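J.: In the order they appear, the protein sequences are chains A and B.
Taken in order, the first sequence gives residues 1 to 92; the numbers are from our numbering.
Taken in order, the second sequence gives residues 1001 to 1484; the numbers are from our numbering.
Structure incoming, see below.
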Amino acid sequence: MRIDVEHVAKLARLGLTDEEKKLFGPQLSAILGYAENLNQLSTGNVLPTSHAIPIKNVLREDKVIPCANVDDIMANAPDEADHMFRVPRIVE
Amino acid sequence: MINKSAHELHSLLSSKRVSSLELTEAVFARIDQVEDKVKAYITLTKEEALRQARAADARLKAGNNITPLTGLPVAVKDNMCTQGVLTTCGSKILNNYLPPYDATIVAGLKSAGAVIIGKANMDEFAMGSSTENSALYPTRNPWDLTTVPGGSSGGSAAAVAADEAVLALGSDTGGSIRQPAAFCGVVGMKPTYGRVSRFGLVAFASSLDQIGPLTKDVTDAALILGQIAGADPKDATSADRPVPDFMAHLETGLKGKRIGVIRELDLNQCNKEVAQCFEANLALLREEGAEIVELSIANIPHAIATYYVIAPCEASSNLGRYDGIRYGLRAENTHNLQEVYEESREQGFGPEVKLRILLGTFALSAGYYDAYYLKAQQVQNRIRAQYQAAFAQVDAIASPVSPTTAFKLGEKMDDPLQMYLSDAFTIPANLAGIPGISVPAGFGANNLPIGLQLLGKHFDEARLLGIARGFERALNLSLPNLAI
Chain A
1 MRIDVEHVAK LARLGLTDEE KKLFGPQLSA ILGYAENLNQ LSTGNVLPTS
51 HAIPIKNVLR EDKVIPCANV DDIMANAPDE ADHMFRVPRI VE
Chain B
1001 MINKSAHELH SLLSSKRVSS LELTEAVFAR IDQVEDKVKA YITLTKEEAL
1051 RQARAADARL KAGNNITPLT GLPVAVKDNM CTQGVLTTCG SKILNNYLPP
1101 YDATIVAGLK SAGAVIIGKA NMDEFAMGSS TENSALYPTR NPWDLTTVPG
1151 GSSGGSAAAV AADEAVLALG SDTGGSIRQP AAFCGVVGMK PTYGRVSRFG
1201 LVAFASSLDQ IGPLTKDVTD AALILGQIAG ADPKDATSAD RPVPDFMAHL
1251 ETGLKGKRIG VIRELDLNQC NKEVAQCFEA NLALLREEGA EIVELSIANI
1301 PHAIATYYVI APCEASSNLG RYDGIRYGLR AENTHNLQEV YEESREQGFG
1351 PEVKLRILLG TFALSAGYYD AYYLKAQQVQ NRIRAQYQAA FAQVDAIASP
1401 VSPTTAFKLG EKMDDPLQMY LSDAFTIPAN LAGIPGISVP AGFGANNLPI
1451 GLQLLGKHFD EARLLGIARG FERALNLSLP NLAI
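Below you can see the structure in the form of structure tokens.
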């Protein structure tokens, strides 16, 4: 199977070097080719697993919990102003 | 003293024959001696560790609120958030990340009075089987520095093997605790999915990830599991189940235990020495009164393909959060938001992580979802049901941990699929959500350790640990000298 690496990278918002584009094509084909073994199995009505253990909704009271470490959170921001994350202009 | 097990040291600490400060200083002296060669850690937190050791000594002196972890030096894998302490996940994209909070497991260690030595090296985002995918540097196997320690919890395993920590925490998505434990000659346990809170564990594949201990022996693993298990309101997938006393059945022996061997597991893919070791291990289990039962997990041959669809799909979604906006690396000289995303991710992620993001993105993309992701989830359900049926017949299932002993650095780096295939024995436990443990089982050529894997049924860790302990006691393996 041939994979359009550049298209998939675009979907993933992932930049790739030219070298990576060349490298990943054959690697992806090999791995996906291997994964295609699964299609030999007839799985008919088998339900897909989302978790191997029964998982149920966990509900709790909708209660405001104070967040005391806003400064610590914002300290990790690459670009911050007045407790806000700054990004390049998104509207012209 | 630093080569002693946690339970031995616990009794030395409780009886005041050793102080936590002495022990912690001895561990750091050992680190000064060997860390240049092993590279088990990304970050060492010596000052804070010495402070924690003094606090533990005060607690031990006062004689109240002492836990099995009080005063013990622990290594924490670098994908568990530690408040104010660098948490890189082995990635450049998090090379400056200071978590504003502690993972539940880290908070638990602290309140138990453990001493956190540092953050252990790992494959980037826990993706890998050799720790060579760390963006910082590879860790080396203390038994032979030219070989890998396994991965992705390679730093945790190497730290325990090299006495750079008394015990360690790792995480296991497809074998990342058990395989490095086997390669490094220590015990490694992946508990049942949900047994230990994942809050603050950097997510790789959320439905498969589980935190567990790497220790010097099975007793230590039982001891630590008792400390870290339990429901957590901050992790909705953590199991709301009582935590049994994992020490209670530890010495019950092997007599009458039924141990399954999977018919479909292809032992021909194992090195001769691993296959021979496994045969000898089964013979020993028999001698000790266990019954070996052949059983079928028909879809075992499809486990790797299933895993390498599901795990990258989840990863591609989980790793979407690394976009250069709120934390982590942001590319410079970008002109718009799209470029911020693409270039930050291009610069921040290493090749294996990129490959898996692409794999997952492709498998989830329009037109391919049913053929890959849905199909894999169906096969996963079958595998899970087959294990469930098998555990109606047996108490545990045995296999090798890895088809080989530790391989050379660089040996498998050019061929990801070959690296993936080496996870054949460990992956099924994650797909089935069941607990598994790797126990030192012998040594191959060049003194490289071999592990035995034992799997148990959901939430049956107590029985599994008892069988593992029975095996460990019967084998009574004497360890050769480390290469360092």
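Heads up, the beta-carbon is just placed ideally off N, CA and C, and yes, glycines get one too.
Note that the structure is a prediction, hence the values are computed from the model and not measured.
For Lys1457/B, is the classification buried or exposed, using 16 other Cβ atoms within 10 angstroms of its Cβ as the cut-off for buried?
T.: buried
J.: According to DSSP, is Met1080/B part of a helix, a strand, or is it coil?
T.: strand
J.: Report back the beta-carbon spacing between Ala1126/B and Ala1157/B to the nearest angstrom; my notes put them in contact at under 8 Å.
T.: The Cβ separation is near 13 Å, so there is no contact.
J.: Could you check whether the Cβ of Val1394/B sits closer than 7 Å to any heavy atom belonging to the ligand GTP?
T.: Annotation note on the ligand GTP: not contained in the displayed structure, which lists no ligands.
J.: Using alpha carbons as the reference points, say which of Asp1240/B, Asn1299/B, Phe1246/B, Val1340/B lies closest to Asp1266/B.
T.: Asn1299/B
J.: Nearest to Ile1259/B by CA position, among Gly1128/B, Leu1319/B, Leu1284/B, Leu1421/B, is which residue?
T.: If we check each option's Cα against that of Ile1259/B, Leu1284/B comes out closest.
J.: Return the residue from the list Tyr1307/B, Tyr1101/B, Thr1334/B that minimises the CA-CA distance to Ala1432/B.
T.: For Ala1432/B, the nearest C-alpha among the options comes from Tyr1307/B.
J.: So the candidates are Gly1367/B, Leu1225/B, Pro1138/B, Leu1069/B; which of them puts its Cα closest to the Cα of Ser1014/B?
T.: Leu1069/B
J.: With C-beta atoms as the reference, is Ala1424/B less than 8 Å away from Gln1179/B?
T.: no
J.: For Leu1364/B, I'd like the list of residues in its chain whose CB is within less than 7 Å of its CB, leaving aside the five on either flank, ordered along the chain.
T.: Cys1313, Ser1316, Tyr1373
J.: Just how far apart, CA to CA, sit Glu20/A and Leu1359/B?
T.: 14 Å
J.: Taking the straight line between their C-alpha atoms, what separation do you get for Leu1573/B and Val87/A?
T.: Residue coverage of chain B in this structure runs from 1001 to 1484, which leaves residue 1573/B outside it and unanswerable.
J.: Does any residue of chain A bring its CB to less than 8 Å from the CB of Gly1324/B?
T.: yes
J.: Report buried or exposed for Gln1210/B, applying the criterion of at least 16 other Cβ atoms within 10 angstroms of its Cβ.
T.: buried
J.: What is the residue span of the beta strand (DSSP E) that Ser1206/B lies within?
T.: Note, Ser1206/B: premise wrong, no beta strand (DSSP E); not H, not E.
J.: If you drop the 5 nearest sequence neighbours on each side, which residues of the same chain put their C-beta closer than 7 Å to that of Thr1146/B?
T.: Lys1408, Leu1409
J.: Kindly indicate which residue of Ala1474/B, Leu1477/B, Arg1469/B, Ile1484/B has the alpha-carbon position closest to the one of Asp1220/B.
T.: Residue Arg1469/B holds the alpha-carbon nearest to the alpha-carbon of Asp1220/B among Ala1474/B, Leu1477/B, Arg1469/B, Ile1484/B.
J.: Buried or exposed: which applies to Lys1255/B, given that a residue is buried once 16 or more other Cβ atoms fall within 10 Å of its Cβ?
T.: exposed
J.: Quick check: the Cα distance between Leu11/A and Val5/A, rounded to an integer number of angstroms?
T.: 10 Å
J.: How would you write the range of the alpha helix (DSSP H) that Ile1427/B sits in, first residue to last?
T.: 1427-1432
J.: Is it a yes or a no for the stretch 1411-1425 of chain B touching the stretch 1458-1478 of chain B, going by three-plus beta-carbon pairs under 8 Å?
T.: no
J.: Please identify, using Cβ separations under 9 Å, the residues of the stretch 1413-1438 of chain B that lie next to chain A, in order along the chain.
T.: Asp1415, Pro1416, Leu1417, Tyr1420, Leu1421, Asn1430, Leu1431, Ala1432, Gly1433, Ile1434
J.: Per DSSP, Gly1174/B is paired with what?
T.: BP columns for Gly1174/B are empty, so no partner.
J.: If you check the beta carbons only, do Pro1244/B and Ala1429/B fall under 8 Å apart?
T.: Contact flag unset, no.
J.: Which of the three DSSP states, helix, strand or coil, is assigned to Glu1343/B?
T.: helix
J.: How big is the Cα-Cα spacing for Glu1008/B and Pro54/A?
T.: Rounded to whole angstroms, Glu1008/B to Pro54/A spans 38 Å at the Cα level.
J.: Pick out whichever of Gly1154/B, Ile1397/B, Arg1059/B has its Cα sitting closest to the Cα of Val1261/B.
T.: Ile1397/B
J.: Could I get the ranges of all uninterrupted alpha helix (DSSP H) runs contained in the stretch 1287-1337 of chain B, with 4 residues as the minimum, in chain order?
T.: 1303-1318
J.: Below 8 Å between beta carbons: does that hold for Lys1119/B and Thr43/A?
T.: no
J.: Interface residues of chain B around Val58/A at Cβ under 7 Å?
T.: Ala1236
J.: How should Lys1039/B be labelled, buried or exposed, when 16 other C-beta atoms within 10 angstroms of its C-beta is the threshold for buried?
T.: A buried status is given to Lys1039/B, since no fewer than 16 other beta-carbon atoms sit within 10 Å of its beta-carbon.
J.: Using beta carbons (cut-off 8 Å, strictly below), is His51/A in contact with chain B?
T.: yes
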